[in-house]
Amino acid sequence: MESSVWRQVEKYLMHYYSPEQIAARLKKVSVQSIYNYLYQNKARYEQFKPYLRRKGKAYRHCKAPSIKEGERRYKRPIKQRPSYVESRKTRGHWEGDTIISRKDKQALVTLVERKTGLVLIGRINQRTASEARDMIIKLLTPFKKMVKSITFDNGA
């Protein structure tokens, strides 16, 4: 391969282009040939290693924990709520959600009455089901005659 092509490859690497992006732009070199070019000379590899995105590290695929069938049994998608709740014609149908803090274990529990738009917000210190349940009960106690249903979006 011509040295001018490799100079272009090096220029793109120094601008933090990935070998995949470089190969797509230049069309004269493949991704594998770029990696081979870098690996065949240790000094060259060390020179360009800081510009490589992974820096020689393997990707780690995060595997989300699976939901057990028992946990899913009673959950229905928010789109499947009854039409009389969806229509917002009657009071007493609430929609709940949580807002999770980035920094610590705190969260906000929010409840919105669908017809009136009344918003209730409470802070919980631990992101546990029991804390969330207790806060929902505390928030809705003054409105207990006005609670017919609560729908949570379940992360949708």
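For the sequence shown, position 132 matches number 131 in numbering that gives the first Met the number 0, and the numbering has no gaps at all. Using N, Cα and C, we set each Cβ at its ideal position, and we do this for glycine too.
Which residues DSSP lists as bridging residue i, in chain order
i      : result
Ser148 : His92
Gly121 : Val108
Thr97  : Val108
As assigned by DSSP and simplified to three states, the class of residue i
i      : result
Thr127 : coil
Thr115 : coil
Glu1   : coil
Ser29  : coil
Asn157 : The requested residue 157 does not occur in the structure, where the chain is confined to residues 0 to 155.
Pro81  : coil
Tyr11  : helix
Leu51  : coil
Whether residue i touches residue j by CB criterion (8 angstroms)
i      : j      : result
Trp93  : Arg80  : no
Ile120 : Gln105 : no
Val108 : Leu138 : yes
Pro18  : Tyr44  : no
6 angstroms CB neighbourhood of residue i in its chain, flanking five on each side removed
i      : result
Phe151 : Gly95
Ser29  : Ala22
Nonlocal neighbours in the same chain, by C-beta distance under 8 angstroms from residue i, ignoring five residues either side
i      : result
Met145 : Arg90, Gly91 and Glu112
Tyr15  : Tyr50 and Arg52
Neighbourhood of residue i by C-beta, 7 angstroms cutoff - its chain only, sequence neighbours within 5 removed
i     : result
Met13 : Tyr50
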